[in-house]
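See structure below.
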Amino acid sequence: ASRRVLIAPNPDSPNRTMRHFDVQLIGGVVLHQGKIAEMATGEGKTLVATLPAYLNALTGNGVHIVTVNDYLAKRDRDWMSPVYEFLGMKAGAIQSHQEYEEKKAAYLCDITYGTNNEFGFDYLRDNMRIRSEEQVQISRGLNYAIVDEVDSILIDEARTPLIISGSAEESTEKYYIADRIARRMKVGKHFEIKEKERMVHLNEEGIEEVEKQLNVDSLYTGTNMEWPHYIEQSLRAHHMFKNDRDYIVKNGEVIIVDEFTGRLMEGRVWSDGLHQAIQAKEHQRIKEENQTLATITLQNFYRLYKKLAGMTGTALTEAAEFDKIYKLEVVVIPTNKPMHRTNHPDRVYRTEKEKFDAIIKEIVEVHKEGRPTLVGTVSIEKSELLSEKLMREGIEHEVLNAKQHEREAHIVAKAGQHGNVTIATNMAGRGTDIVLGEGIAALGGLHIIGTERHEARRIDNQLRGRAGRQGDPGSSRFYVSLQDDLMRIFASERVSSLLKTFGMEEGMAIEHSMVSKSIERAQKKVEEHNFEIRKHLLEYDEVMDQQRKTIYTLRQDVLEGKNLRDYVFRMMEDSIREMVAFAYDTKNVTDEENPFDLAAWFKQKFGLGVDLNEVEEKTRENVEEYLLKKAAEAYEIKESTIGKEQMETIAQILLMEKIDTKWK
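Note that this note's numbering has the sequence shown beginning at -17, numbered continuously upward.
The structure is reproduced here in structure tokens:
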């Protein structure tokens, strides 16, 4: 592709010329080689993707560029379209809730932008269609994918499989009953909380209490065996999942908040009855638990691509997992200009109150200097708490979380201006650059404050990466307290003993490499634990993956009308052999007192009368051969009556129905 390209900075701006930096060319080469390019924030990953996208689209097999949300997919397509059009290519964007014709056209473009979920769900939906002309993705196959924010999609999102479901006809009353019982139970007395595993377990006293509340003799007999699961899910809903942190309630719906991006995951639900348990906890109308119709893990979906590549600002900490699961090598791309961001040591406090008081003090000081500040929080709840404290100090600020996501572009556009203070959940960490206002670089650039260490080091690095883009100055500091979830669950004893050693008093902070190392060890523990979860999910799905590929190949053959007659004859043969074996194994064919009427069974199945007396020696093989011949005869009679085309249509419908019913 031409190194000097014509692009529009945004859809409303006139075209202007840009030129790929040398480091961007290196990034493009790495992506073309099917590797992961780790590129710092602001290094122009969107522009880098055009290089391998164009080169690989020359094959005519299509290229998919995967982004984290619909807004970025459309924005990047609109932004980069002039490049592709100049080079004689077409770019499309798939969106959720898109009309069929529009989506089909987007897939037929040389380069297609879309979200992780939409590409995956289109694969599943295509394999559920009843007419091949309704399929949008499958005709070109999965050739080459460039995954933007690859760590977010292939690591963070990989714990949740993609599921298409339909309603299961089950009563929802049990969730309300479980909720009422869970509210009466006490932690330690009736159940134990395993915070590291995010699980809850009933103990003996808890089991007895549930039996008493349900008025049953035992939870482990007959239909009562499902109750421990419902009670434990209800206890998890009450004690492990918090409103405004893990989910929000909006218009009577419980909507999940993505723990890694801070964005709302509309349309997603927790499985195994957890979502219904949370609906009961929040006194919302419970929707029926769904039956899975089609599912695939993200790991197995992306391994369907002939070639896979990715880019992100933070991949090196997960290099081992990328290699083990996806066979992807991580290559760190140098920055175009030297990095001038100062990363200050963490400040650790005993309590959350002390920590937040210190954060407010630092925000006020930086604000007085005129520097902009971006404050990263881990939840909606914490962002609103901090906002209240800043209001009391009289500091004007913006809040960016899942509740205000519509204003994201507007808030981010102003975040680098003089004296601006922006409080944001993790959603401000991806896909958008904060550009410094005039004169801000001379003041020291953007200052980043992390109010808590995240479970994954990558998320912290993403937040830090908002400052110091393209050689700009900047600074960052994280504040930690022993009451933070990460410290409390994974590192409290070690760090507490260190704080006692240093003789900390109330309000005092500690900055020490030993503490920083303890925090990093805690994060590594969580990362290893989450890797094990993803690995087990993949291992569990491996068996199903082989079955899925076999079924989807068979289904596609039937949908395209390939070998229909062969499939029908094979099924007739299997059915006849099975029934003849049953008849002979139970000695019913030759038992005159209690014969199994094979002839009646055959007449019912194939609509043709047969006389087994025509078989001279009634051995199993002879009877099988006779019935197979008669079945073929029955098929020929039917085909000659209604016509070959009509016969194939009927066979196609029946085969599809049978495959779909058995695959559920």
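Heads up, the beta-carbon is just placed ideally off N, CA and C, and yes, glycines get one too.
N- and C-terminal bounds of the alpha helix (DSSP H) containing Tyr461: Premise fails: Tyr461 lies in the beta strand (DSSP E), Pro455 to Ser463, not in any alpha helix (DSSP H).
Does the stretch 225 to 239 come close enough to the stretch 259 to 279 that 3 or more CB-CB pairs lie under 8 Å? yes
So, helix, strand or coil for Tyr522, using DSSP? helix
Three-state secondary structure assigned by DSSP to Ala406: strand
Are the stretch 529 to 547 and the stretch 486 to 505 touching, with three or more C-beta to C-beta distances below 8 Å? no
Cβ distance (whole Å) where Gly358 is taken to contact Gly432 below 8 Å: Contact between Gly358 and Gly432 holds, with the beta-carbon distance rounding to 5 Å and staying under 8 Å.
Kindly list the residues whose CB is nearer than 7 Å to the CB of Pro327, restricted to its own chain and excluding five residues on each side of it in sequence; keep chain order. Closer than 7 Å at the Cβ level, and outside the excluded window around Pro327, lie Glu493 and Ser498.
Opposite Leu651 in the DSSP bridges: which residues? Within the shown structure, residues of the chain are numbered from -17 to 646, placing residue 651 beyond reach of any answer.
Report the rounded CA-to-CA distance for Ala384 versus Ala633, giving the unit in angstroms. One C-alpha to the other measures close to 50 Å.
In the DSSP assignment, what are the bridge partners of Met649? With the chain represented from -17 up to 646, any question about residue 649 goes unanswered, as that position is not in the structure.
CA-to-CA distance, Lys350 to Ile416, given in whole angstroms: 20 Å
Grab me the residues of Asp(-6)'s own chain with a C-beta within less than 6 Å of its C-beta, minus the 5 sequence neighbours each way, in chain order. Unreliable placement is indicated for Asp(-6), whose pLDDT of 48 sits below 50; the coordinate value is still reported in the next sentence. Excluding positions up to five away in sequence, the list is empty.
Would you call the CB atoms of Arg141 and Leu519 closer than 8 Å? yes
Relative to the C-alpha of Lys288, which candidate in Val45, Gly74 and Lys171 has its C-alpha closest? Ranking the options by Cα distance to Lys288, first place goes to Val45.
Delimiting residues of the beta strand (DSSP E) encompassing Tyr331: Arg329 to Tyr331 is the span of the beta strand (DSSP E), which, as asked, contains Tyr331.
In whole angstroms, what separates the C-alpha of Glu300 from that of Leu136? 10 Å
Check whether the Cβ atoms of Ala31 and Asp130 sit closer than 8 Å, and answer yes or no. yes
Close Cβ partners of Ile377 (< 7 Å) along its chain, the five nearest in sequence each way excluded: Ile345, Val346, His349 and Val403
Taking the alpha helix (DSSP H) that Phe101 belongs to, which residues open and close that run? Asn98 to Asp108
Output needed for Gln157: all residues of its chain with C-beta closer than 8 Å, excluding positions within five of it in sequence on either side, in chain order. The sequence given here places Tyr at residue 157; Gln does not occur at that position. The answer, listed in chain order, is Tyr212, Ser216, Gly255, Gln258, Ala259, Gln261, Ala262 and Ile268.
Reduced DSSP secondary structure (H/G/I, E/B, other) of Glu380: strand
Burial state of His172, where buried means 16 or more other Cβ atoms lie within 10 Å: buried
Spatial neighbours of Phe101 within its chain, please: CB distance less than 8 Å, with the 5 preceding and 5 following residues excluded, ordered by chain position. His46, Val48, Ile76, Gln119, Ala127 and Phe283
The beta strand (DSSP E) enclosing Gly651, as first and last residue numbers: Because the chain spans -17 through 646 in this model, residue 651 falls outside it and cannot be assessed.
Closest residue to Leu13 among Phe584, Leu637 and Ala291 (Cα-Cα distance): Ala291
Residue range of the unbroken alpha helix (DSSP H) whose run includes Phe588: Leu580 to Phe588
Quick test of your reading: Gly295 and Ala22, contact by CB under 8 Å. State the CB separation rounded to the nearest angstrom. For a cut-off of 8 Å, the C-beta gap from Gly295 to Ala22 is around 6 Å, short enough to register as a contact.
Hey, Val381 and Ile405: beta-carbon distance below 8 Å or not? yes
Distance, Cα to Cα, Leu246 vs Asp226? 11 Å
Taking Cβ to Cβ, would you say Thr277 is nearer than 8 Å to Leu144? yes
Asp444 classed as buried or exposed, judged by whether at least 16 other C-beta atoms fall within 10 angstroms: Reading the sequence as shown, one finds Gln at residue 444 and not Asp. By the neighbour-count rule (16 or more Cβ atoms within 10 Å), Gln444 is buried.
Which residue's Cα is closest to the Cα of Asn325: Leu69, Gly447 and Asp240? Gly447
Count the other C-beta atoms from every protein chain shown that fall within 10 angstroms of the C-beta of Leu636, then say buried if there are 16 or more, exposed otherwise. exposed
By DSSP, does Glu174 sit in helix, in strand, or in coil? strand
Sequence ranges, alpha helix (DSSP H) only - wholly within the stretch 38 to 118, length at least 4: As far as the stretch 38 to 118 is concerned, its whole alpha helix (DSSP H) runs of at least 4 residues are 52 to 68, 82 to 89 and 98 to 108.
Distance, Cα to Cα, Met554 vs Phe584? 11 Å
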